[in-house]
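A.B. asks: If you read the sequences in order, they're chains A and B. Here the first sequence stands for residues 1 to 1114, numbered as in the working numbering. Here the second sequence stands for residues 1115 to 1252, numbered as in the working numbering.
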Amino acid sequence: MARIGVFICHCGTNIAGTVNIPEVVEAAKKMPQVVYAEDNRFTCSEPGQASIREAIKEYQLNRVVIGACSPRMHESTFRRTLAEAGLNPYLLEMGNIREHCSWAHTDKGAATEKAIDLLKMAVARVAWHEPLFPRQTGLTKRALVIGGGIAGIQASLDIADAGYEVVLVEREPSIGGRMAQLDKTFPTLDCSACILTPRMTQVGQHPNIKLLSYSELDEVSGYVGNFKVKIRRKARYIDETKCTGCGECATVCPVEVESEFNEGLGKRKAAYIPFPQAVPNKYVIDKRGYPPCRVACPAGVNAQGYVALISQGKFKEALEVVRRTMPFPAVCGRVCNHPCELDCERGTVDEPIAIRALKRFIADYELKAGREKPTPPSRTKEEKVAIIGSGPAGLACAYDLVREGYPVTVFEALPQPGGLLRYGIPEYRLPQEVLDDEIKYIQEMGVEIRTNSPVKDLGQIFNQGYGAIFLGTGAPTSQKMGIPGEDAPGVRHALDFLRRVNAGEKVTVGDRVAVIGGGNAAIDASRVALRLGAKEVFIVYRRSRAEMPAQKTEIEEAEREGVKINLLAAPTKVLTRDGKLTGIECIRMELGEPDASGRRRPIPVKGSEFTMDVDNVIIAVGQALDKEALPKDLAYTAWGTLQVEQTTLQTNIDGVFAGGDAVSGPAGVIEAIAAGKEAAISIDRYLRGLDLAEGRPQALKKVEKVSKEGVETKPRKSMPLLDVGKRGGSLAEVELGFDEKTAIEEANRCLSCAVCSDCRECEKVCEAEAIYHERGEELIEEEVGAIIVASGVKPLDHTLFPEYGGGKYADVIGALQLERMMSAAGPTGGEVLRPSNGAHPKTVVFISCVGSRDERTGKDYCSRVCCMYMAKHAILLKEHDPETQSYIFYTDLRGPGGKMFEQFMWRAERKAGAIYLRGRISDVYQKDGRLMVSGEDQERNEPVEIAADLVVLATGLMPSDGAAELARTLNISYDVKNFMLEAHPKLRPVETNTDGIFLAGAAVAPFDIPECVAQGGGAAAKVLSLFGHDTITTEPTTAMVDALRCIGCLLCTQVCPFSAIDPELTRDGRTIAAINETLCKGCGLCVAACRPGAVNLRGFSDQQLLAEVKSLWQ
Amino acid sequence: MAVEYQPRMVGFLCNWCSYAGADMAGTSRMTYPPNIRIIRVPCSGRVDPLLVMKSFEQGADGVLVSGCHPGDCHYTEGNYHARRRFALLRSLLDFLGIEKERLRVEWVSASEGGRFKELVSSFTEELQRLGPRSEVSP
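Shown next, in the form of structure tokens:
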């Protein structure tokens, strides 16, 4: 039988003012099983507690109900009281008659009635209470501190100095936080760096601090004293243990982006430390994936890499970047269909970078300057590889394999190597000597090329000791049209025509030439025909211009040269008279539904036939494989191309691979190169006996977001061309190429999408050999007993306030930007300059409360530091330039109670002459190169307008990016503004509601530096008081299973978020659920999920909760 | 003057967010109708449908189940269980002759005293609008 005592607290007038206490006491006395009831003025006071202890003894109470404040406030206090009186502390129940009753209601009658109900519920519930016994567990005396700002630094040092290990996790490459960005601190005007950096160094050198910079918290499990945390160490690409901080990598790095540390006012390299005093003094490479250009390139040529180096005038190094992937910079620089340019992000701003022209420039530059003979890679492998066909696919494959250390021989049927590059592309597009040099380069790398060596029998090749074969035989024959008269004299096929011209044979054409087709071969043939003396050349193409597969620029140039294009027409018959060609009969076409290739199918228009009088017809309607010349036993697709396994490019014959036009049908040079490279990977794996397909195709992860902020439009440099008048009769190159200056200017338009361009210049200069471009991020695990969250704040982005000119005018800046300019180590070397023209501002206007105290932004709080830093800025501006006049528009002036704050603002006004004006700003606009700030002087009640040189927006503070996510990861509460929530706003300011997790600094609310330091110290003290114990008492309110009722459905195991329930075999062979009390956190999900009602939760059992419900309204 | 109908309400509030949010309302002296009786539970996911139905049986005119906002659950996912469970229960209430509006499932964080006040006020008004429960309902 329960003997319940009820104790009702007046809490001064907090409860007694609204609730009729005597009435409640009388009601309590009549409640079931209540043997005693009394009231106290302050139950939590020592006399109040003593009274409970005495009553327990005197009335032999075995259950206690206290009607007072929230159990979240004093439950632990009164549990101790019970324990002192010899009762189990868990035989207590509290009725929350203050927060939930007297404070929330004004009607005394209703509040009293509610208070009685709340106590009735508590009495009903406490009868079901059972003694509970907390468990003791060990603890790991190591702390995790999240955030390396001044609060985190202080907390880390305090804990470390006390002799415990600290893991300090900082997201940025360096610790220091916001304080490191400040020039001076108010109100003392200490140099921020001078007082901060010694502390940073201390952290860096402390034997008890494990500093993990450039890292983020990924996952937390466990509980107070026994947390397991996973930390994501972001890919730094530089080995911290090896990096000496010499900075050579940054010196050679060609990529510059806006410096976050300098608030976008200066630049930093892709390889960088945020500021010179960074701790750790270890560089980071900012790599954000692969640039769109590189992802678009079938062969993965690193365009951003060589473009970046060109922008720095490093042409030789740029060429190295191309050759790291493939050996045809000059060829591709001329004839590539440049998918890279189509995907170039710059194209979304104005026009894509002229990537192809830039590549050609570096190749030409070397050709002109003379090239050093490359050192052939050492031959590390024995198995020989045979490549059949010396087109781009074959040579690219050979180039990759020879660099892998294989002996490679290329067999070419024709007298000269190069395949279609040599025989299919006219000289005015690709001069022979350019091609010769690139092939020579490949030979110098160690590739043996045997010309005039057709291969008919693959078996023979294998017999000669070759371990693998690549077929890159292309699609060298022209397709026929299948119309009457096609074999008449005077009808030629484009490839044959071009081959003979390129081979130097004497080829003549008639006056009027018709070229059939719309691809590059058709354009090439028509332009060559003109150059050979044809008076008129017509292209006949059956679809419209939009469907022409030829490159757009090529079509345009052909037309400029005089080629006429007859669209939507197809030849039906070649006309001859006396065995001589006289013309062609064509029919008009119209476009129907799209066909399999996605292009609209041309349909002949009945009765629309017409004839064209021509002397020659050149057919360029497609290319096919020369099956006659190919070895036997190969499998073909329905399209007549070689059949290969798509990923590995292996043919039906073991050890034989194929790629390029022979597999894909006619395609671009870069596609052929890509195929050759893929085949090289397969061949290497094949010869080493590895799985061919594993991990392929390897997709490059494209960079997700490219910043285009502040990019000014600048047109793409156009390619200089040979005058049309000079082109006839000669095969001289039409495109003339960029000069050095043009190339550098064009390269500087690059947006550096991936930031690090992967040019690898840093690798060359790093003497410590600390650079690892391939090394990814890493997840590490740490065990800690306590966690301090010091994730800090950031200023609101001033560009979000166009009403004050933010983001609209360059001379409207954020306060932190001004701070960076004032810093001697800042982007302007300590000079305050107008961003628009670099002049010293004479009139500076500050606008306060930008974004804070503003319900529209959702930041209705005061950011606390702005009034003081505006005063600081006004004083410093005067010091920097005595002629500066500052105006400060304020809403209210708030020196938040700090020491010397008030006096500091006087100093700004009286000594530095700052003019304080109370009032809001109505408009900021530009006039005659100055910024007109108009507003209201509320004290004089008149409008004011000030012509300013610089407007500084005192933007408020908000929690750092990702604060809410961090709170969720840690399972701690945060408010609607994403500030972390304290366990109690007054009494537990550095604790959270989760045991073992503490708060420090501005993650909680806007604080200034001394407050952050105090909080850091406070949080450290909490951790240390935890570490002062050798065991931790854990809540006994865990789940339990009634083994007799459990039916073993194990639904509870599925809902348990902590994997705290496992199946267990009973002695009689039944499976039941068993709770692991160490893991159980007492959420009760299993109880609600349990069908037979076998699971119950100590302290929140079904009986206890039902008793509360059933006590109501009786 | 006719006495305004006073509905009876039970609130099952999770310890970490909503109970603390109700505390916050009181601490901030936000007033709301005194009709609700709050029962503290560790998590909204602990609230068995049985507790809700027993509350109705006991004579409650409205039941509030409140937990942490989605994604903020102290136990990671308890409120998701609650959300599903009570979506189902609500759809069954009509069959039992209890208007489904009489069961509310809401999210209130520890800092949202104002939201708690608004919630209780609007729920009370809605229950007043609905009037007493029908005789035939359990």
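Note that CB positions come from ideal geometry on N, CA and C, so glycine has one too.
Closer than 8 Å by C-beta to residue 1115(B): which residues in its own chain qualify, once you throw out the five before and the five after it? Chain order, please.
C.D. replies: Note that residue 1115(B) scores a pLDDT of 40, beneath 50, so its modelled location is shaky; the value from the coordinates is reported in the next line. Counting only Cβ-Cβ distances below 8 Å, and skipping sequence neighbours, we find nothing.
A.B. asks: Given that a residue counts as buried once 16 or more other Cβ atoms are within 10 Å of its Cβ, and exposed if not, what is residue 1189(B)?
C.D. replies: Classification of residue 1189(B): buried, given that the 10 Å Cβ count is 16 or more.
A.B. asks: Which residues in the same chain as residue 2(A) place their Cβ atom closer than 7 Å to its Cβ, once the five residues preceding and following it in sequence are excluded?
C.D. replies: Excluding residues up to 5 positions away in sequence, 33, 62, 63, 127 lie with their Cβ nearer than 7 Å to the Cβ of residue 2(A) in the same chain.
A.B. asks: Let's test the definition: count the other Cβ atoms within 10 Å of the Cβ of residue 1052(A) and tell me whether it reaches 16, buried, or not, exposed.
C.D. replies: buried
A.B. asks: Along the chain, where does the beta strand (DSSP E) containing residue 343(A) start, and where does it finish?
C.D. replies: Run containing residue 343(A): none in the beta strand (DSSP E); it sits in the alpha helix (DSSP H), 339 to 343.
A.B. asks: Check whether chain A comes within 8 Å of residue 1191(B), counting only Cβ atoms and requiring the distance to be less than that.
C.D. replies: yes
A.B. asks: Does DSSP put residue 1100(A) in a helix, in a strand, or in coil?
C.D. replies: coil
A.B. asks: Nearest by alpha-carbon distance to residue 142(A): which of 604(A), 970(A), 1028(A), 969(A) is it?
C.D. replies: 1028(A)
A.B. asks: What did DSSP end up calling residue 215(A) once you bin it into helix, strand or coil?
C.D. replies: strand
A.B. asks: From 253(A), 769(A), 219(A), pick the residue whose C-alpha is nearest to that of residue 230(A); which is it?
C.D. replies: 219(A)
A.B. asks: Give the secondary structure of residue 1185(A) by DSSP, where H, G and I count as helix, E and B as strand, and everything else as coil.
C.D. replies: In this structure chain A extends from 1 to 1114, so residue 1185(A) is not present and cannot be described.
A.B. asks: Could you work out which residues of chain A lie near residue 1153(B), taking near to mean beta carbons separated by less than 9 Å?
C.D. replies: 121, 125, 1105, 1108, 1109
A.B. asks: If we ignore side chains and look at the alpha-carbon of each, how far apart do residue 1085(A) and residue 1187(B) end up?
C.D. replies: Cα-Cα distance, rounded: 12 Å.
A.B. asks: Please report the Cβ distance between residue 250(A) and residue 825(A), rounded to the nearest whole angstrom; I am assuming they are in contact, meaning their Cβ atoms lie under 8 Å.
C.D. replies: 15 Å between Cβ atoms; not a contact.
A.B. asks: Where does the unbroken alpha helix (DSSP H) through residue 463(A) begin, and where does it stop?
C.D. replies: 458 to 463
A.B. asks: Closest Cβ-Cβ distance between residue 973(A) and chain B: below 8 Å?
C.D. replies: yes
A.B. asks: Quick one: grab the DSSP three-state call for residue 1115(B).
C.D. replies: Confidence in residue 1115(B) is poor, its pLDDT being 40 and thus under 50, which makes the residue's placement unreliable; the coordinate value appears in the next sentence. Correct three-state label for residue 1115(B): coil.
A.B. asks: Is there a C-beta anywhere in chain A that falls below 8 Å from the one on residue 1146(B)?
C.D. replies: By this cut-off, residue 1146(B) is an interface position.
A.B. asks: At a cut of 8 Å, does the stretch 130 to 140 of chain A reach the stretch 779 to 798 of chain A through at least three beta carbon pairs?
C.D. replies: yes
A.B. asks: Can you name the start and end residues of the beta strand (DSSP E) that residue 612(A) belongs to?
C.D. replies: 610 to 613
A.B. asks: Do the stretch 1116 to 1133 of chain B and the stretch 1237 to 1247 of chain B touch if we need at least three Cβ pairs shorter than 8 Å?
C.D. replies: yes
A.B. asks: List the residues of chain A whose Cβ lies closer than 9 Å to the Cβ of residue 1156(B), in chain order.
C.D. replies: 1037, 1081, 1082, 1083, 1084, 1097, 1099, 1100
A.B. asks: Considering residue 1221(B), what are the terminal residues of the beta strand (DSSP E) in which it resides?
C.D. replies: 1217 to 1221
A.B. asks: Between which two residues does the beta strand (DSSP E) harbouring residue 470(A) extend?
C.D. replies: 466 to 471
A.B. asks: Straight-line CA distance for residue 933(A) to residue 948(A)?
C.D. replies: 7 Å
A.B. asks: Label residue 938(A) either buried or exposed according to how many other C-beta atoms from any shown protein chain fall within 10 Å of its C-beta, with 16 as the threshold for buried.
C.D. replies: exposed
A.B. asks: Have a look at residue 445(A) and residue 328(A) and give me their C-alpha separation to the nearest angstrom.
C.D. replies: In this structure, the CA atom of residue 445(A) is about 13 Å from the CA atom of residue 328(A).
A.B. asks: Give the residues of chain B in contact with residue 118(A), contact being defined as C-beta atoms less than 9 Å apart.
C.D. replies: 1151, 1152
A.B. asks: Within its chain, find whatever has a CB closer than 7 Å to the CB of residue 1041(A); leave out the 5 residues flanking it on each side and keep chain order.
C.D. replies: Within the same chain, and ignoring the five residues on either side of residue 1041(A) in sequence, the residues whose Cβ sits closer than 7 Å to its Cβ are 1072, 1073, 1074, 1075, 1094, 1095.
A.B. asks: Using a Cβ-Cβ cutoff of 9 Å, what residues of the stretch 983 to 995 of chain A are near chain B? List them in chain order.
C.D. replies: 985, 993, 994
A.B. asks: Where do the ends of the alpha helix (DSSP H) carrying residue 74(A) lie?
C.D. replies: 71 to 84
A.B. asks: Pick helix, strand or coil for residue 1144(B), following the three-state DSSP scheme.
C.D. replies: coil
A.B. asks: How would you list, in chain order, the residues of chain A whose beta-carbon sits under 7 Å from the beta-carbon of residue 1201(B)?
C.D. replies: Ordered by position in chain A, no residue passes the 7 Å Cβ test against residue 1201(B), which lies about 14 Å from the chain.
A.B. asks: By the 7 Å beta-carbon criterion, what residues does the stretch 1164 to 1194 of chain B contribute toward chain A?
C.D. replies: 1165, 1168, 1169, 1172, 1173, 1185, 1186, 1188, 1189, 1190, 1191, 1192
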